[in-house]
Each structure stands twice: as structure tokens, then as C-alpha cells.
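Peer 1: In my numbering, the protein residues as written are 6 to 314.
Handing you a structure now.
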Amino acid sequence: MMALLHAFGRGTIAGARGETSMEIGLIGAGLMGYGMGVNLLRKGHRLTTIAHRNRAPVEKLVALGASEAGELDEIARQCQVIILCLSTSEVVEATLATLRPHLRSGQIIVDTGTSDPASTRRIVRDLRQHGVAFADAPLTGGPEQAERGELGVLCGADDETFHALAPVFSCFATTVRHFGPPGSGHAAKLVSNYLVTGMVALVADAFTTAHRSGIDWRSLYEVMQNGSGNSGVLRKMVAPALKGDFDGYRFSIANAAKDIGYYARLAEGEGRLTELAETVAAVFAHAVETGHGGRNVSHLLDPALDEVT
6 MMALLHAFGR
16 GTIAGARGET
26 SMEIGLIGAG
36 LMGYGMGVNL
46 LRKGHRLTTI
56 AHRNRAPVEK
66 LVALGASEAG
76 ELDEIARQCQ
86 VIILCLSTSE
96 VVEATLATLR
106 PHLRSGQIIV
116 DTGTSDPAST
126 RRIVRDLRQH
136 GVAFADAPLT
146 GGPEQAERGE
156 LGVLCGADDE
166 TFHALAPVFS
176 CFATTVRHFG
186 PPGSGHAAKL
196 VSNYLVTGMV
206 ALVADAFTTA
216 HRSGIDWRSL
226 YEVMQNGSGN
236 SGVLRKMVAP
246 ALKGDFDGYR
256 FSIANAAKDI
266 GYYARLAEGE
276 GRLTELAETV
286 AAVFAHAVET
296 GHGGRNVSHL
306 LDPALDEVT
């Protein structure tokens, strides 16, 4: 393997399918982390994970062959690569503060969440002092793609770290792109999520106006599929809503608000914070403030929540 992993002192062995096998830690086995964990195990890697609020995904991974750690320091001591799949930069920083005293030179930390690039760069500076490499590797796709091993990875890392992680990414992703140094993957993901959250807000606003105007949603949706307004966001949100299901797009309003907030910070730092971005941010911030942060973004279509949009 790469010098980074050799420096850790564990080496590698042949996996169950003749591939290189590594000791991998997974912190955050939720909707996305579970799917990644399944595919890492399928490819012969040795996986150690740790329970959080919902034990069900961890128990499923253990049944598939993963080990369960009782404390974070166990993962830090035994794993070559430690994958974080956490909700915010603040949670990432707090987790790393616990891991840091137990980390050793040659290990690699991978943050697959949608995080603040400024926080990422601070983390990188700190870890480098201990010989620990870092890659930001946020994901495109959802839980279904994670389980099928069909995610996208937007990676920010130095060249050596990126190449060392290529066999890991290939377990759960079909599209992997290296955007540059640490922080660049998170920046690229924020741009991508800004586009998505903007489209969610547009679909919700347009169909709310349609509802108030007495326009039949089904007829409108059917003709829109033949036009330029057709999109994955439109289909994920509206098709299930026609059946009364407002959970078609499985992405929480709170996470959307967090992501657009990070994007606004990024854009402001580049002198590019626009009224459009501020308006999109306000839609999700208001939804959180009115108690809907735990709902999926598709609920912005729900006539019962009309006041949100």
C-alpha cells in the first residue's frame, strides 16, 4: 500500500476476493454510513464501527462480520483508515478531539459528510502535526445508492492520500473525482448542494402556488416531465406527493439548512453571496425555526405546511 499506511505499521493482506484488505473504522453508521459499511465488508475489508443513537444499523453490520467498538479510542488504535459519516463540522471536530490523543502517524481520516471547508482546513493543519493524513470525501447519492455501491465521491486530499484511498472509495462509489487539496471536496459539495436545495425550494414554491391557484398537481407534473423543468428533484418530491407521501426525498430540512448555511459562508468568503442564496437559506432556516427541521425536504410541498414556504 502507500507509504501512509505502511507508516501506520499494519501492512495489508489479501482480501476474500483477492483485493487489498485494510482495517477500516466507521464512525456514523446511519442511513449513508450503513450502506458504505455493507460494501466495505463485501469487498473483504475488516470493519470496526461504533453505535450511536440508532443501534439497528450497527447490529446489522455486526451480523455481516463487522466488529463493534465500545469507545472511539478503540477505533483510533486499530484502524488504518477512519471514515467519519457525521452531520456537522462541529460534530466532526468534537469527534476528532476525542480521537486525536490515540492517533498515530500514517493513519488517514476521511470525512464523508458535508462540512465547512474552513473547519476542514483547520483540522488538516492540526492532524499534519501528528503525521495523520486527512481527506474530505463528501458524497452524492442517497441511502439506496450507498447500499448498491453507486455513490459519487468529491475528494479533497493531497495526491498520496487520494491514491491510497482509491481502493476504499471503489467499494461504495462508481464516480470518484479528485478536486484538489483538502477542503476542495467540501467546497465542491457545497456548490452541488446549493443547486439541489435551490431546486427543492423552487419546486416547493411552484407547487404551493399551483395548489393555491387550483391547478391539478398530477396534470402539471405530467406535462412538466416533457419540459425543461423535469429533474431528479422534481421526480423525487412530486411523484410520491401525488400519493400523499411527503417523504420521497429523504434529506432532512435541518441538514439542508446546515448545508446552505455553509455554502453562504463559503460564497461570502469569495465575495459571491447573492440575494438568491440568501433567499434559499431563508426558506430552510424558517422551516427549522417553525419546528420542521426533522422532516424531510419533501414536506415543504405539504399543504399542511403551506406557511413555511
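Glycine included, each C-beta is placed from N, C-alpha and C at the ideal position.
Quick caveat: nothing in here was measured; it's all calculated off a predicted structure.
Answer with buried or exposed for Gln85, where buried requires no fewer than 16 other C-beta atoms within 10 angstroms of its C-beta.
Peer 2: Sequence index remark: in the sequence shown, residue 85 carries index 80 (1-based). So Gln85 counts as buried.
Peer 1: Beta carbon of Gly188, beta carbon of Gly161: below 7 Å?
Peer 2: For the purposes of this step, residue 188 is taken as residue 183 along the sequence shown, with counting starting at 1. For the purposes of this step, residue 161 is taken as residue 156 along the sequence shown, with counting starting at 1. Their beta carbons are under 7 Å apart, which means Gly188 touches Gly161 by this criterion.
Peer 1: Does the segment 29-49 come within contact of the segment 147-157, defined as at least 3 CB pairs closer than 8 Å?
Peer 2: Segments in contact, yes.
Peer 1: How would you write the range of the beta strand (DSSP E) that Cys160 sits in, first residue to last?
Peer 2: As a first step, residue 160 is located in the sequence shown; it is residue number 155 there, counting from the start. First-last of the beta strand (DSSP E) with Cys160: Leu156 to Gly161.
Peer 1: How many angstroms separate the CA atom of Leu195 from the CA atom of Leu36?
Peer 2: As a first step, residue 195 is located in the sequence shown; it is residue number 190 there, counting from the start. As a first step, residue 36 is located in the sequence shown; it is residue number 31 there, counting from the start. In a straight line, the C-alpha of Leu195 is about 20 Å away from that of Leu36.
Peer 1: Pull up the DSSP beta-bridge partners for Arg182, would you.
Peer 2: Locating residue 182 in the sequence shown gives position 177, counting from the first residue. Paired residue(s): Leu159.
Peer 1: When we look at the beta-carbon of Ala19 and count the other beta-carbons within 10 Å, is it buried (16 or more) or exposed?
Peer 2: Counted from its first residue, the sequence shown places residue 19 at position 14. The predicted model places Ala19 with a pLDDT of 33, which falls under 50 and marks its position as unreliable, so this point remains unresolved.
Peer 1: Can you grab the Cα-Cα spacing for the pair Ile244 / Ala142, in whole Å?
Peer 2: Sequence index remark: in the sequence shown, residue 244 carries index 239 (1-based). Sequence index remark: in the sequence shown, residue 142 carries index 137 (1-based). The displayed chain sequence assigns Ala, not Ile, to residue 244. Cα to Cα, the separation comes out at about 31 Å.
Peer 1: Would you give the residue range spanned by the alpha helix (DSSP H) that Ile88 belongs to?
Peer 2: The residue labelled residue 88 in the question sits at position 83 within the sequence shown. Ile88 -> not in any alpha helix (DSSP H); beta strand (DSSP E) instead, spanning Val86 to Leu89.
Peer 1: In the DSSP assignment, what are the bridge partners of Arg51?
Peer 2: Here residue 51 is taken as the residue at index 46 of the sequence shown, counted from 1. BP columns for Arg51 point to Glu28.
Peer 1: Work out the CA separation of Ile113 and Thr166 for me, nearest whole Å.
Peer 2: Start at 1 with the first residue of the sequence shown, and residue 166 comes out as number 161. Start at 1 with the first residue of the sequence shown, and residue 113 comes out as number 108. Approximately 8 Å between the Cα atoms of the pair.
Peer 1: I need the DSSP call for Thr214, collapsed to helix, strand or coil.
Peer 2: To locate residue 214, count along the sequence shown from 1; it is residue 209. Three-state result, Thr214: helix.
Peer 1: Measuring CB to CB, does Phe184 end up less than 7 Å from Leu159?
Peer 2: Position 179 of the sequence shown, counted from the start, is the residue given in the question as residue 184. Position 154 of the sequence shown, counted from the start, is the residue given in the question as residue 159. Yes, Cβ-Cβ distance for Phe184 and Leu159 is below 7 Å.
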